[in-house]
Structures are given as structure tokens and as C-alpha cells.
Ligand SMILES: Cc1cc2nc3c(=O)[nH]c(=O)nc-3n(C[C@H](O)[C@H](O)[C@H](O)COP(=O)(O)O)c2cc1C
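In our numbering, the protein residues as written are 11 to 219.
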């Protein structure tokens, strides 16, 4: 199953490449912002990076709490990892680049995996007190997809706030990849990656050719 989906992605990519040569239009890989918040599943961020790098250009974003679970050394070298520090270090005076705006403009799509109960609540309430939530608050839902994969304990998941927050973010246009495990509530990482590849083409046309 896993080998098959990987093969499908490669095959799709090769098909797109052929189309590109036939039409003479320049194609590029999709640009995906991969964001992690403070669930223990953030330990797997490096695996998600590797998987997505097979068919996309990837930049990563992590909350302060997510960084507690992430080993920077395991993140592939081609993936830049942005935290709140980058957001504030890069801006010193008017005219300087604003990290969350630059990243939002760069990306074709964003996926938050894992999405903690805390960040889910903040997004649902419109709060934006860190790099990840600033990106989400300023996202253009009409043009670019945003996926989230919530990840929390069973009791956190069954708390009434969760359904209420999921409902609010769905209305915003966020695509929720629902948990599929009974004990610890998180979608199978492979399902998350497959959902992404189904929705996004493996290559995106460059407007200017
Ligand atoms: C070891 C540990 C594991 C945690 N795992 C989860 C989790 O899987 N899901 C979750 O929603 N919160 C989890 N939390 C709680 C969050 O880390 C906490 O709510 C934090 O404030 C989230 O911050 P963030 O949403 O800004 O990343 C965990 C906390 C600890 C100490």
C-alpha cells in the first residue's frame, strides 16, 4: 500500500513532466509549508519533510512547544525551518521583510501536522500570537488550500471544545484530516500525505512560463 502510493506519486510526477515538455510550458514543484505545533507527533516532522520532499519544495514552521519535540539535525538540509525567532530576528526596521508574509506568498499550500488542541483553539478564535498562527490568520483560503491534522489524547479530542473549534475552522475553509486511531487521536501520517498529493498536483504551472 505504502510502496504503491509512493510509486503513484512518482508516476504522476513523470506524467506532468511529459506534459510540460509537450506543451512547452515551464512547470515547477508545488511549494508546501509544513507546520508543526506542540503535540508529541511533532517528533515525526522530519519524516513528513522527507516524504513531501519527494514531490514538493518544502519549508517548515514550528511553534515554540513543537520545537521541544523536534531534532533540527534530522530535518533534511533542503528544508528551512522557521520559528518565532526567525520571525522577530528578520524584522528590525520599516521596509524589512516580514517572515509570515514572505512565507505565505511563497507557499502554494500549507499543512499543519500535528495540530495541537491549543493551536486548534487559537485558530478557531482568530488568535495570532506566533509565526504559525499569523500565517493561518492571514491565509488566502480562496486561492490556497490549508490542511490540518489534529493530534491529541482521546480525552482532549472528546472535550466539547474540539467539535466546536473543528466546526469553526471548517467554515473558514480549512480542510481537516480527521484522526483515525482510537487510542491516540491522529490521522495515519500516510493518509495525511496521500490526502495532500490527491489534492495538489505534483507540479504547478508557473504563471510567467
Ligand atoms: C510531553 C507532552 C506531550 C504533549 N502532547 C500533546 C498532544 O499530543 N496534543 C496536544 O494537543 N497537546 C499536547 N501537549 C500539550 C501541548 O504541548 C500544550 O498545550 C502546548 O501549549 C501547545 O502549544 P502550541 O499549540 O503553541 O504548539 C503535550 C505536552 C507535553 C508536555
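C-beta atoms are modelled at their ideal positions from N, C-alpha and C, and glycine is treated no differently. Please read all numbers here as calculations on a predicted model, not as lab measurements.
Check your understanding: Got a sec: does ligand 1 put a non-hydrogen atom nearer than 8 angstroms to the Cβ of residue 162?
Key -> Yes, ligand 1 has a heavy atom inside 8 angstroms of this Cβ.
Check your understanding: In terms of alpha-carbon separation, which member of 91, 104 and 160 lies closest to residue 180?
Key -> 160
**Study point:** residue 166 (DSSP reduced to helix, strand or coil)
**Key:** Here residue 166 sits in helix by DSSP.
Review point. To which residues does DSSP link residue 122 through a beta bridge?
Key: Residue 122 is bridged to 45 and 158.
**Study point:** Cβ shell of residue 166 (< 6 angstroms), same chain only, five flanking positions each side left out
**Key:** Excluding positions up to five away in sequence, the list reads 127.
Check your understanding: Taking the continuous beta strand (DSSP E) assigned at residue 67, which residues delimit it?
Key -> 67 to 72
**Study point:** Same chain, Cβ closer than 6 angstroms to residue 197, five either side skipped, listed in chain order
**Key:** 159, 187, 189 and 190
Check your understanding: Should residue 162 be flagged as near chain D, meaning a C-beta pair shorter than 9 angstroms?
Key -> In the structure shown, chain D does not exist; there is a single protein chain.
Point to revise | Burial state of residue 61, where buried means 16 or more other Cβ atoms lie within 10 Å | key: It counts as buried.
Review point. Is residue 91 helix, strand or coil by DSSP?
Key: strand
Practice item. Assign residue 82 to buried or exposed, taking buried as 16 or more other Cβ atoms, counted over all protein chains shown, within 10 Å of its Cβ. Key: exposed
**Study point:** Whole-number beta carbon distance between residue 44 and residue 70, since they are thought to touch under 8 angstroms
**Key:** 5 angstroms
Practice item. Could you check the C-alpha separation between residue 133 and residue 147 for me, to the nearest Å? Key: The alpha-carbon atoms of residue 133 and residue 147 are separated by roughly 7 angstroms.
Check your understanding: If you measure from the CB of residue 50, is any heavy atom of ligand 1 nearer than 8 angstroms?
Key -> yes
**Study point:** Any non-hydrogen atom of ligand 1 closer than 8 angstroms to residue 189 Cβ
**Key:** No, ligand 1 has no heavy atom inside 8 angstroms of this Cβ.
**Study point:** Reference residue 124; option with closest CA among 48, 208 and 206
**Key:** Comparing Cα-Cα distances from residue 124 to each of 48, 208 and 206, the minimum goes to 48.
Exercise for review: Could you give the DSSP three-state label for residue 104: helix, strand or coil?
Suggested key: Here residue 104 sits in coil by DSSP.
Review point. Can residue 121 and residue 176 be called in contact, C-beta distance under 9 angstroms?
Key: no
Review point. Just the Cα atoms here: how many angstroms apart are residue 91 and residue 150?
Key: Each residue's alpha carbon lies about 22 angstroms from the other.
Practice item. Please name the residue, chosen from 39, 87 and 50, that lies closest to residue 67 on a Cα-to-Cα basis. Key: 39
Review point. What is the residue span of the alpha helix (DSSP H) that residue 152 lies within?
Key: First-last for residue 152: undefined, no H or E at that position.
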